[in-house]
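Participant: FYI, in my numbering the residues of the sequence shown are 7 to 397. Note that beta-carbon positions come from the ideal geometry of N, C-alpha and C, so glycine has one too.
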Amino acid sequence: MNQKTRYKIAYILSVVAILLYGLMAAFLYYRQTLYPVTGTYESDLPFHISMAVDDHWYYSFTAYVYVLCSLFPFGNQLIAAFLAAMSVGTVLLTARLLKLLAGQEMQDHAFAGIRLGLALALNFAMAFYVPAANHAHYIGYQSGNLWHNSTYLVMRFFSVLAMILYVQTAGSFPEGLRPKQWICMTLCLIAATGVKPSFLVVFAPVLALFLLAWLIRQKQWKPVILLGLTVIPAVVVMFWQSIVLFGGDTGNGYVIRPFYVLSQRSENPKITLLLSVLFPFLVGLYHIRDFWKDRFYFGGLLLWAVGFGEVFLLAETGKRSQDANFLWGYSIALFFLFLVSLLRWLRDLKAVNAAPIRRAYLYLTGVLYLWHVCSGIWYFGILLTGATYFS
Numbered sequence: 007m008n009q010k011t012r013y014k015i016a017y018i019l020s021v022v023a024i025l026l027y028g029l030m031a032a033f034l035y036y037r038q039t040l041y042p043v044t045g046t047y048e049s050d051l052p053f054h055i056s057m058a059v060d061d062h063w064y065y066s067f068t069a070y071v072y073v074l075c076s077l078f079p080f081g082n083q084l085i086a087a088f089l090a091a092m093s094v095g096t097v098l099l100t101a102r103l104l105k106l107l108a109g110q111e112m113q114d115h116a117f118a119g120i121r122l123g124l125a126l127a128l129n130f131a132m133a134f135y136v137p138a139a140n141h142a143h144y145i146g147y148q149s150g151n152l153w154h155n156s157t158y159l160v161m162r163f164f165s166v167l168a169m170i171l172y173v174q175t176a177g178s179f180p181e182g183l184r185p186k187q188w189i190c191m192t193l194c195l196i197a198a199t200g201v202k203p204s205f206l207v208v209f210a211p212v213l214a215l216f217l218l219a220w221l222i223r224q225k226q227w228k229p230v231i232l233l234g235l236t237v238i239p240a241v242v243v244m245f246w247q248s249i250v251l252f253g254g255d256t257g258n259g260y261v262i263r264p265f266y267v268l269s270q271r272s273e274n275p276k277i278t279l280l281l282s283v284l285f286p287f288l289v290g291l292y293h294i295r296d297f298w299k300d301r302f303y304f305g306g307l308l309l310w311a312v313g314f315g316e317v318f319l320l321a322e323t324g325k326r327s328q329d330a331n332f333l334w335g336y337s338i339a340l341f342f343l344f345l346v347s348l349l350r351w352l353r354d355l356k357a358v359n360a361a362p363i364r365r366a367y368l369y370l371t372g373v374l375y376l377w378h379v380c381s382g383i384w385y386f387g388i389l390l391t392g393a394t395y396f397s
């Protein structure tokens with residue numbers, strides 16, 4: 007079997023796997039809409055639908071989608087199809103982002119199947135599951151992938167799309183900052199934030215740091231201001247959401263309470279914190295002396311650092327104090343951390359001059375990454391049986 011045939015088979019298998027994933031996701035989301043009736047397939051989705059359709063509480067843009075779907079007799083099926091499209095779309099966008107960040111390694115069309123396979127695996131990668139550390143697969147760990155929260159699923163789609171646009175611009179900044187690009191980036195950030203502000207609160211500080219560093223080197227204010235302005239409309243949307251969620255007599259607010267959110271539901275919070283980032287942690291150790299040289303890898307590390315800082319320090323008060331909502335920003339940061347770590351690991355693996363002990367370390371790291379992916383597939387399979395997401 008020649009190489010061209012192998013690439014073609016890889017592409018067909020990846021496409022089939024993604025289609026099957028979409029069908030299974032649609033089934034899962036549809037059954038989640040029926041949770042109030044069946045008591046199985048527990049998720050946040052029925053409550054999000056109820057808040058929009060019954061309570062007319064429109065703090066998230068997804069509420070308008072649910073209201074629109076509810077106008078049809080097959081509204082639940084439409085909602086399930088919408089969320090499945092977001093899940094499959096995220097896989098396809100992840101493949102596109104991998105292509106952009108990989109450089110010349112995976113640009114050839116022949117690698118399309120490999121990119122799709124890697125993207126699908128990234129959309130399953132969860133915490134390194136060890137039952138002795140925490141019996142639940144998701145609750146108690148932290149993960150960039152989950153299937154029980156509809157706003158996170160939609161936010162992640164637009165976050166990956168926004169990241170693609172910003173990476174494209176960064177490749178030729180400031181010349182690449184054209185009006186069309188500016189508008190698309192702004193709209194993507196508005197959409198992601200309007201659904202759930204979690205991406206904005208970790209992305210905006212990292213963008214500010216990169217723009218500040220660029221300004222110090224280049225001494226050009228105009229492109230820095232223009233790119234920075236893409237964030238402003240999304241910030242306005244976030245403040246509007248804050249008024250809806252925390253204004254008036256809701257009794258909700260913020261407080262500095264170190265490690266509170268991370269330790270809320272974990273049996274061994276320090277251990278699960280490490281297991282949740284085991285693969286990126288090992289890749290980071292490999293690059294402890296040069297992690298800043300790859301700017302996109304470094305950007306992924308910064309994104310994680312901001313997300314971790316927020317979830318470590320901050321907590322909510324009032325009725326939402328037990329909701330652990332600062333985990334959402336950390337979750338999307340983890341998603342991108344795994345992505346840049348995987349690319350960094352693949353580059354390291356291709357290095358022909360690595361010492362045997364270093365190659366052995368890389369192989370072991372790769373095996374551990376596979377368990378991250380298997381942990382996610384295992385959890386997804388459990389959800390498909392109707393079990394609660396607390397399983």
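Using the rule of at least 16 other Cβ atoms within 10 Å of the residue's Cβ for burial, across every protein chain shown, is T391 buried or exposed?
Facilitator: Under this definition T391 is an exposed residue.
Participant: Check whether the Cβ atoms of V201 and L89 sit closer than 9 Å, and answer yes or no.
Facilitator: No, they are not a contact pair.
Participant: Where does L26 sit, in a helix, a strand or coil, going by DSSP?
Facilitator: In this structure, L26 counts as helix in the three-state DSSP scheme.
Participant: Can we say the stretch 278-293 touches the stretch 369-381, given the rule of at least three CB pairs closer than 8 Å?
Facilitator: Yes: the two stretches touch, three or more of their Cβ pairs being nearer than 8 Å.
Participant: Determine the contact status of V166 and T100, defining contact as a CB-CB distance below 9 Å.
Facilitator: Cβ atoms of V166 and T100: closer than 9 Å.
Participant: Taking one C-beta from the stretch 189-208 and one from the stretch 132-141 each time, how about it: are there three or more such pairs within less than 8 Å?
Facilitator: These segments do not touch.
Participant: Below 8 Å, is the gap between the Cβ of T46 and the nearest heavy atom of the ligand MG?
Facilitator: The ligand content of the structure shown is nil, which means the ligand MG is not present either.
Participant: Along the chain, where does the beta strand (DSSP E) containing G109 start, and where does it finish?
Facilitator: Segment: none, G109 is in no beta strand (DSSP E) and carries neither H nor E.
Participant: List the whole-angstrom C-beta distance separating Y65 from W334, where the pair is believed to meet the contact cut-off of C-beta under 8 Å.
Facilitator: Not quite, the Cβ-Cβ distance comes to about 14 Å (not below 8 Å), so this is no contact.
Participant: So within the stretch 281-332, which uninterrupted beta strand (DSSP E) runs reach at least 3 residues, ignoring any that extend past its ends?
Facilitator: Whole beta strand (DSSP E) segments, 3+ residues: 320-323.
Participant: By Cβ distance below 8 Å, which residues in the same chain neighbour F287 in space, the five residues on each side in sequence not counted?
Facilitator: Once the five neighbours on either side are set aside, the close Cβ partners of F287 are L280.
Participant: Just verifying my parser: in three-state terms, what is the DSSP assignment at V250?
Facilitator: Reduced to three states, the DSSP call for V250 is helix.
Participant: By the DSSP assignment, the alpha helix (DSSP H) with G146 in it spans what residues?
Facilitator: Run containing G146: none; DSSP gives neither H nor E here.
Participant: Which one or two residues does DSSP pair with I406 in a beta bridge?
Facilitator: Examination of residue 406 is not possible in this model, given that the chain is present from 7 through 397 alone.
Participant: If you follow the beta strand (DSSP E) that V261 is in, where does it begin and where does it stop?
Facilitator: Segment 259-262, the beta strand (DSSP E) holding V261.
Participant: Counting Cβ pairs, one atom from each stretch, are 3 or more of them under 8 Å apart for the stretch 352-365 and the stretch 172-192?
Facilitator: No, the stretch 352-365 is not in contact with the stretch 172-192.
Participant: Output needed for R37: all residues of its chain with C-beta closer than 8 Å, excluding positions within five of it in sequence on either side, in chain order.
Facilitator: Cβ within range, chain order: T44, T46, Y47, G392.
Participant: Looking at I145 and Y336, is the spacing between their C-beta atoms short of 9 Å?
Facilitator: Cβ distance not < 9 Å, so Y336 and I145 don't count as in contact.
Participant: How many angstroms separate the CA atom of V71 from the CA atom of Y27?
Facilitator: V71 and Y27: Cα-Cα distance of roughly 22 Å.
Participant: Under 9 Å, do L233 and T175 count as touching if we go by C-beta distance?
Facilitator: The answer is yes: Cβ separation under 9 Å.
Participant: Mapping DSSP to helix, strand and coil, what is H54?
Facilitator: Looking at H54 - three-state DSSP - the assignment turns out to be helix.
Participant: Run through DSSP, which three-state label would V4 get?
Facilitator: What the structure shows of the chain is the stretch from 7 to 397, and residue 4 is not part of that stretch, so it cannot be assessed.
Participant: Please determine if the stretch 210-218 and the stretch 259-275 are in contact, where contact requires at least 3 C-beta pairs separated by less than 8 Å.
Facilitator: Flag = no, the stretch 210-218 and the stretch 259-275 do not touch.
Participant: Is Y41 helix, strand or coil when you go by DSSP?
Facilitator: Helix at Y41.
Participant: I'd like to know whether the C-beta atoms of G150 and L340 end up nearer to each other than 9 Å.
Facilitator: Yes, these two residues count as a Cβ contact at 9 Å.
Participant: Taking the alpha helix (DSSP H) that L232 belongs to, which residues open and close that run?
Facilitator: Looking at the DSSP string, the run of the alpha helix (DSSP H) that includes L232 is 227-235.
Participant: What do you get for H62, buried or exposed, if any count of 16 or more other CB atoms within 10 angstroms of its CB means buried?
Facilitator: Classification of H62: exposed, given that the 10 Å Cβ count is below 16.
Participant: Could you name the residues of the same chain whose beta carbon sits closer than 6 Å to that of M92, not counting the 5 residues immediately before and after it, in chain order?
Facilitator: For M92, where only same-chain residues beyond five positions count, the Cβ hits under 6 Å are L159, V160, F163.
Participant: Can you tell me where the alpha helix (DSSP H) with M132 in it begins and where it stops?
Facilitator: No alpha helix (DSSP H) contains M132, which DSSP labels as neither H nor E.
Participant: By a C-beta neighbour count over all protein chains shown, 10 Å radius and 16 as the cutoff for buried, is E181 buried or exposed?
Facilitator: Counting Cβ neighbours within 10 Å, E181 comes out exposed, since fewer than 16 surround it.
Participant: Label R350 either buried or exposed according to how many other C-beta atoms from any shown protein chain fall within 10 Å of its C-beta, with 16 as the threshold for buried.
Facilitator: Per the 10 Å Cβ criterion, buried.
Participant: Put K186 into one of helix, strand or coil per three-state DSSP.
Facilitator: DSSP places K186 in helix when its eight states are reduced to three.
Participant: State the Cα-Cα distance for the pair W220 and G315, rounded to the nearest angstrom.
Facilitator: Rounded to the nearest angstrom, the two C-alpha atoms are 24 Å apart.
Participant: Reducing DSSP to helix, strand and coil, say where K202 ends up.
Facilitator: In this structure, K202 counts as coil in the three-state DSSP scheme.
Participant: Between which residues of its own chain and G313 is the CB-CB distance below 6 Å, once the five residues before and five after are set aside?
Facilitator: Contacts found: V208, G335, Y336, A339.
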